[in-house]
Structures are given as structure tokens and as C-alpha cells.
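Beneath this line is the structure, given in C-alpha cells, with notes to follow.
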Ligand code: NAD
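Numbering (my numbering), first residue to last: 5 to 483.
Put into C-alpha cells, the structure is as follows:
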């Protein structure tokens with residue numbers, strides 16, 4: 005059967021969803037309904053997990069293939085994804101309003117790049133290693149796939165975050181049930197096309213669409229062996245509770261409220277433009293952004309002016325126009341939430357830029373990039389993740405104070421340190437308690453572990469650590 009708005013992808017086929025409910029996928033920039041998709045019911049989740057289970061348990065199946073055979077299929081998958089890159093970028097931008105320049109540089113290329121990278125790691129990482137046993141004999145340590153993986157992703161970088169999970173999970177020999185975010189469903193269908201073209205066997209990769217209830221049913225399913233989740237801290241906590249009760253391995257990539265630490269020797273004129281990518285990119289809808297800007301009292305006014313000047317220069321509008329640096333927020337609900345924080349900020353701090361909706365944009369959920377100054381680190385807008393284009397500039401006394409403020413957060417995901425002296429910035433960066441931190445730059449490195457501490461999550465994705473997180477070890481004692 006061909007795909008239509010009533011189907012889900014299970015066991016290599018588009019099949020009619022059992023659940024009767026449907027949801028609408030709506031364009032963030034035009035507010036038009038683009039398509040509808042099924043809300044996966046418990047029965048749909050059950051069928052998808054059963055297919056993944058059968059594929060995993062097949063003694064001649066994916067999990068048992070020689071690494072080279074799986075790697076060759078993954079290389080073809082990467083090629084098929086690359087061929088569809090511009091289509092994926094257009095679909096992501098059409099749904100969530102991400103500027104096309106960003107979707108073309110991330111969503112279009114990272115799926116293929118990550119898949120090829122993990123195919124290479126699969127070739128280079130031995131599945132079995134031997135070591136002399138402490139008690140005599142030899143121990144063989146085997147790195148075996150975990151089983152059926154439930155991958156649940158958000159809408160902000162839907163393809164990139166899917167492949168943080170899908171590529172290492174498949175490389176390790178697992179089978180996967182993916183639940184995309186309802187806001188970004190159409191790009192996930194292209195992954196099915198690419199997987200089918202590459203010859204990924206039936207049942208190895210399945211998709212069930214839907215929202216939180218569908219996701220929760222997947223997390224709860226008795227035949228799921230591991231959950232890999234990216235999303236809000238609130239949903240992550242609930243998933244962690246379920247996985248704790250079930251003793252089910254889980255990785256959680258959650259929210260953030262990172263710090264951008266501006267040291268007192270920084271050359272603002274050259275650096276502030278670079279700070280855009282680690283404070284506001286994708287209209288602030290990026291988990292690792294340093295939306296708390298920590299500024300030295302000695303240069304506080306200059307830093308505030310630099311950020312106010314920066315946001316004043318950013319073109320906001322149609323995300324398909326490559327001249328626009330910021331697009332809309334993903335949904336009416338998200339804009340309402342962000343505007344609620346802006347209203348709160350007006351009570352707590354001094355508004356220096358933005359604070360409203362950009363002029364001349366009648367359709368789409370746009371918010372003007374906004375800067376608040378004189379923010380206390382215990383203000384709501386400094387403590388809670390806003391997930392919109394809103395910065396809080398917080399004054400600090402000296403380096404120790406900056407580090408104290410940076411670490412005084414429930415979250416621990418990203419952050420950056422900016423200085424004319426890279427060694428000085430690096431020394432400060434190593435005192436920031438987060439899973440990742442950048443020095444005069446921030447770019448997620450796919451070859452190195454990524455993730456958070458505290459309310460930002462548990463576990464790591466990417467790099468060899470990302471592959472290891474989709475494997476169990478088994479020690480075989482040889483006498
Ligand atoms: P969300 O938590 O509402 O939803 C994320 C996904 O989980 C969606 O597919 C959703 O349908 C599903 N879901 C929601 N509740 C669930 C539940 N109880 N059980 C199972 N599945 C559930 O988040 P969102 O609003 O889509 O995304 C924004 C959040 O994601 C932000 O907080 C952001 O910081 C975070 N995020 C984190 C990272 C990271 O790597 N740390 C990356 C991107 C986004």
C-alpha cells in the first residue's frame with residue numbers, strides 16, 4: 005500500500021493505522037495545514053514494536069550480520085539520504101519555520117554524514133576483544149546490540165536529532181521504532197524512502213507518528229529494550245520515571261539554560277556577531293544556547309549595547325528567503341509561551357531590544373529577538389528555559405563570580421567563554437559544569453560525546469560513546 009495520511013510504516017510497509025485519530029501538520033510561517041497524520045494508538049505502537057522484535061530476534065537477521073554487511077547497507081542509506089537532502093531541508097523549513105540556510109546546512113547533510121560516520125566506526129570497532137582473566141584463563145568481552153530501541157525526537161532539529169540515535173543504533177545492530185514530533189512528521193517520511201532504497205530489511209526501522217501519548221505507549225512497551233529521547237526536561241523526567249520502574253536503559257537529551265561568559269578583555273566588535281550562533285540561532289529554539297549572557301560590570305553597558313545592536317540588525321521573516329536570519333517560532337503555543345516569558349521579563353528586568361512581534365508579518369508565529377538587561381540570576385527569565393529568541397544579560401563582578409553564576413543553574417548542557425586570550429578562556433571553560441562548552445566558538449562535534457548533566461539529561465550521544473550507548477557488553481570467561 006502507498007503512503008497516505010492514514011498510514012504508519014511498520015515491517016517494511018505502509019499500513020493503515022489502527023488508531024482513529026489524526027493530527028494536522030501546520031506551517032509555522034504560513035499557518036496553513038500541510039498534511040494530516042495518524043495519532044499512533046497503543047495497537048500501532050504494539051505492531052511496530054512486534055515487527056522490530058521479530059527483526060531483532062531473527063537468527064539470520066540484522067543484529068547477526070557481519071559488521072561489513074551492515075556497514076555497506078548504511079553507506080547506501082547515507083547516499084540515499086544525501087540525494088534527498090534538499091527535499092528534507094525544504095520539508096523541515098516548511099513545517100517548523102527553520103531558516104532554509106540552517107536546514108540546508110544541518111538537516112540536509114547531517115543524516116547522511118552521521119550514517120556514514122557510524123558505518124565507518126562499525127568497521128573500525130572490534131565487536132569482541134580479549135583480555136587475560138585475573139582469575140586464570142581468558143575473558144572475551146563482546147559488544148552486543150541492546151535490542152529494540154525506541155527513539156523519540158523533538159521538532160527543533162528533527163533530522164539531526166533523529167540521526168544522533170538512528171545511525172549509531174542501526175550500526176550497533178539494533179532495530180528501531182522512531183516517533184517523530186507531530187510538528188515535523190513529513191521529513192521523517194523521506195527517511196523511510198531512503199531506508200527502503202538502501203535495502204534496510206523490513207522491521208529494522210519502523211515509524212509510528214503521534215504526540216506524547218504515543219511516545220508514552222512506546223516507552224512503556226514491554227518489548228522495548230532501550231529508550232533514546234531528546235526533548236523537554238518535563239517529558240524526560242516522566243520517561244525516566246517509567247524507565248526507572250522498568251529498569252530500562254535510557255538516554256535523555258533535555259533542556260538547557262546555558263551561559264555565554266563574556267570576559268573583560270573581549271573584542272566585542274569582532275566577536276559579538278559570532279556569538280549569534282550560540283545565543284539565538286533558530287530563533288532560540290536550540291537546546292544548548294547560552295541565553296544567559298554574563299557580562300563584566302566593568303564593561304556591562306558595552307555588552308548590553310552590543311547585543312541590542314546585534315538583534316536590531318537580524319533580518320526576521322519568511323524562512324525560505326535565504327536573506328532572513330530568523331524565522332518564526334514553531335507553533336502558536338510556543339509563541340504564547342515565549343510571549344509569557346517576555347511579559348514576565350518586563351516585570352523582572354529592563355527591556356533593551358525587541359519585546360514584541362516584528363512588523364509587517366501578518367501570518368506566521370514570529371517574535372522579535374529580545375534582550376533584557378539588569379537581570380538577576382534568580383529571575384524567572386534567567387532560570388527557566390524559554391526556547392525563543394530572548395536573552396538575559398546578567399552582570400558579574402570577577403571571573404569567580406562569573407563561574408559561580410554560570411554554574412548556578414538547574415541545567416548543565418552547553419555554554420561558551422569569550423576572551424582575547426584563548427588560554428584564559430579555556431581555563432574558565434573547564435570550570436563550567438556542563439556536558440559541553442565552547443571557547444570563542446561553539447559547534448557540536450559529531451566525533452565527540454554530546455549531552456548534559458543535571459536537568460539537561462543523562463547519558464551521551466555522538467562519537468564512539470554514542471555507539472557504545474547502543475551496545476551491551478557480555479563477558480565470556482574461557483577456562
Ligand atoms: P517535548 O518534550 O514536548 O517533546 C519531544 C518529543 O517527545 C515529541 O516527539 C513528543 O511527542 C514526545 N513526548 C512528549 N511527552 C512525552 C512523554 N511523556 N512520553 C513520551 N514521549 C513524549 O519537547 P519539544 O517541545 O518537542 O522540544 C523542545 C525541548 O527539547 C526543549 O526543552 C529543548 O531544550 C529540548 N531539546 C533538547 C536537546 C538536547 O540535545 N539536549 C536538543 C533539542 C531539543
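Backbone N, C-alpha and C fix where the C-beta goes; we use that ideal spot for every residue, glycine too. For clarity, every value in this text was computed on a predicted model and none was experimentally measured.
From residue i to residue j, what distance separates their C-alpha atoms?
i, j, result
"residue 312", "residue 357", "5 Å"
"residue 51", "residue 40", "21 Å"
"residue 460", "residue 483", "44 Å"
"residue 246", "residue 225", "10 Å"
"residue 178", "residue 462", "20 Å"
"residue 298", "residue 452", "27 Å"
"residue 417", "residue 407", "15 Å"
"residue 12", "residue 182", "11 Å"
"residue 109", "residue 59", "34 Å"
"residue 322", "residue 371", "13 Å"
"residue 421", "residue 9", "47 Å"
"residue 414", "residue 387", "7 Å"
"residue 307", "residue 272", "7 Å"
"residue 383", "residue 241", "23 Å"
"residue 77", "residue 203", "7 Å"
"residue 38", "residue 191", "12 Å"
"residue 489", "residue 132", "Shown here, the chain extends from 5 to 483; a query on residue 489 therefore has no answer."
"residue 156", "residue 349", "32 Å"
"residue 83", "residue 116", "7 Å"
Beta-carbon within less than 6 Å of residue i's beta-carbon, same chain only, minus the 5 sequence neighbours each way: which residues are those?
i, result
"residue 172", "122, 470, 471, 474"
"residue 448", "454"
"residue 25", "43"
"residue 15", "55, 206, 207"
"residue 221", "46, 49"
"residue 290", "none"
Residue i lies in the alpha helix (DSSP H); which residues open and close that run?
i, result
"residue 174", "162–176"
"residue 468", "467–472"
"residue 197", "190–202"
"residue 13", "Premise fails: residue 13 lies in the beta strand (DSSP E), 11–14, not in any alpha helix (DSSP H)."
"residue 223", "216–224"
"residue 96", "89–100"
"residue 384", "384–387"
"residue 390", "Segment: none, residue 390 is in no alpha helix (DSSP H) and carries neither H nor E."
"residue 63", "Unbroken run through residue 63: none, as it is neither H nor E."
"residue 432", "426–433"
Where do the ends of the beta strand (DSSP E) carrying residue i lie?
i, result
"residue 395", "394–400"
"residue 481", "475–482"
"residue 261", "Segment: none, residue 261 is in no beta strand (DSSP E) and carries neither H nor E."
"residue 255", "254–257"
"residue 556", "Residue 556 cannot be examined here, being either before or after the span of the chain that is shown, 5 to 483."
"residue 300", "296–300"
"residue 374", "374–377"
Got a sec? Which residues, its chain only, sit under 8 Å from residue i by beta carbon, not counting five neighbours each side?
i, result
"residue 88", "194, 197, 198"
"residue 22", "45, 47, 48, 51"
"residue 72", "127"
"residue 385", "345, 348, 349, 352, 353, 376, 379, 394, 396"
Would you mind sorting residue i into buried or exposed? The rule is 16 or more other CB atoms within 10 Å of its CB.
i, result
"residue 99", "buried"
"residue 433", "buried"
"residue 445", "exposed"
"residue 393", "buried"
"residue 218", "buried"
"residue 336", "exposed"
"residue 31", "buried"
"residue 130", "exposed"
"residue 481", "exposed"
"residue 261", "buried"
"residue 169", "buried"
"residue 229", "buried"
"residue 64", "exposed"
"residue 142", "exposed"
Identify every residue that forms a DSSP beta bridge with residue i.
i, result
"residue 332", "Paired residue(s): none; residue 332 is not in a bridge."
"residue 419", "The partner list for residue 419 (beta bridge, DSSP) is empty, contrary to what the question assumes."
"residue 490", "Outside the shown range of the chain, which is 5 to 483, sits residue 490, and nothing can be said about it."
"residue 132", "146"
"residue 210", "181"
"residue 42", "26"
"residue 233", "156, 256"
"residue 461", "257"
"residue 19", "12"
"residue 454", "465"
"residue 37", "30"
"residue 342", "BP columns for residue 342 are empty, so no partner."
"residue 442", "420"
Within the same chain, show all residues whose beta-carbon is closer than 7 Å to that of residue i, passing over the 5 residues directly before and after it, in chain order.
i, result
"residue 105", "326"
"residue 310", "272, 276"
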